[in-house]
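Residue numbers (the numbering used here), protein chains in the order written: chain A, 1 to 143; chain Y, 1001 to 1143.
What follows is a single structure, written as structure tokens, with notes after it.
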DNA sequence: ATGACTGCAAAGCCTTTGCACGCAA
DNA sequence: TTGCGTGCAAAGGCTTTGCAGTCAT
């Protein structure tokens, strides 16, 4: 089992949550992925392994995880939220969205992070989070 | 009238669109703002000046303008799309979103743009657009 | 036993679509 | 006259909420 899954479950416990089946299932699915998933994808994945869970419970679990900082909510457009595990010590990354096939791919770039940090200090605005989304094509249409 | 309004109306004409009332009204509202508006805000603004327009027409006009590159669709999360005029020669900018009051403010930073350009060249991905969103607080809760 | 957790169904948003009428060209 | 443009209403997605039964503690 992924380290993050144990971490998340223990943090949930510490925050006073009970160990319900639906929430645990959501945590386990998230733990299998390094990049952002939608609520629907998580639900489908659970359904595929016959662990049927109410859609509402998926959303509730994600909301709680987000509140505890255990996942990040990523919005790459198209009106569907995505969530991904925040691994302690893990690398901060952003996303490229293929406008041809809808694929979402992660990337990271220290120089970009430095630019944003410097900028954040300069602005008259208390920056808490930042998100960079690149749109374009991953090359899926090449044969 | 804003220069962009004339530009947009003429481009719409060149693209073969007729000069309908609803679309023109949407263009005029957009032209009054330099930063991103939602479809609902545009609709409200029109309603306030007794130029009632069907909600669907607002969405249709925005879609067409986006298709011609006359506006940019900006997604700062919260599940609501925003649109802003693309002024020829205007500065490329990004957005800060106040998580306390929902305010959306523009900023620009040449260094950040350079970082993204360099990064884009390095990636195995054809970057067409990019979007940076800063979340945090604009200070509205200070008294 | 108590109250959190869950699933289901219903309701809420934002956005898109279908359709008949009206207007620009 | 032609068919694009428009408004209205209905339908579509994603997400949230209400509620009663269930389960962890």
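Every residue gets a Cβ at the ideal spot worked out from N, C-alpha and C, and that includes glycine.
Just so it is clear, the structure is predicted and the values come from calculations on it, not from any experiment.
Go ahead and label residue i buried or exposed: buried means 16 or more other beta carbons lie within 10 angstroms of its beta carbon, across all protein chains shown.
i	result
residue 1010(Y)	exposed
residue 1130(Y)	buried
residue 48(A)	exposed
residue 1023(Y)	buried
residue 1028(Y)	buried
residue 1138(Y)	buried
residue 43(A)	buried
Nearest by alpha-carbon distance to residue i: which of the options is it?
i	options	result
residue 1034(Y)	1094(Y), 1124(Y), 1053(Y) and 1060(Y)	1094(Y)
residue 57(A)	40(A), 86(A), 103(A) and 100(A)	40(A)
residue 1104(Y)	1023(Y), 1002(Y), 1036(Y) and 1128(Y)	1036(Y)
residue 1120(Y)	102(A), 29(A) and 96(A)	96(A)
residue 1112(Y)	132(A), 124(A) and 136(A)	132(A)
residue 1106(Y)	55(A), 123(A) and 106(A)	123(A)
Going by DSSP in three states, residue i sits in which element: helix, strand or coil?
i	result
residue 1130(Y)	strand
residue 147(A)	Given a span of 1 to 143 for chain A in the structure shown, any question on residue 147(A) remains unanswerable.
residue 1124(Y)	coil
residue 105(A)	strand
residue 1036(Y)	coil
residue 93(A)	coil
residue 154(A)	Beyond the ends of chain A as shown, which are 1 and 143, falls residue 154(A); an answer cannot be given.
residue 137(A)	strand
residue 1071(Y)	strand
Please go through the same chain and pick out, in chain order, the residues whose beta-carbon is closer than 8 Å to the beta-carbon of residue i, but skip the five residues on each side of it.
i	result
residue 91(A)	108
residue 82(A)	36, 37, 38, 73, 74, 75, 76 and 104
residue 1013(Y)	1019
I'd like the list of long-range same chain contacts for residue i, defined as Cβ closer than 7 Å, with 5 residues on each side in sequence excluded.
i	result
residue 1069(Y)	1086
residue 15(A)	68
residue 88(A)	7
Below 6 Å CB to CB, which residues in the same chain sit around residue i once its five sequence neighbours on both sides are set aside?
i	result
residue 114(A)	none
residue 117(A)	none
residue 30(A)	85
residue 59(A)	39
Give the C-beta separation of residue i and residue j to the nearest angstrom, bearing in mind that I take them to be a contact with Cβ-Cβ under 8 Å.
i	j	result
residue 5(A)	residue 1134(Y)	Their Cβ separation, rounded to whole angstroms, is 31 Å, which puts residue 5(A) and residue 1134(Y) out of contact at 8 Å.
residue 1025(Y)	residue 1053(Y)	6 Å
residue 102(A)	residue 1079(Y)	Residue 102(A) to residue 1079(Y), Cβ: 18 Å. No contact.
residue 1141(Y)	residue 1099(Y)	Not confirmed; about 10 Å, so no contact.
residue 1051(Y)	residue 1002(Y)	Contact flag wrong, Cβ pair sits at about 17 Å.
residue 65(A)	residue 8(A)	7 Å
residue 1125(Y)	residue 136(A)	6 Å
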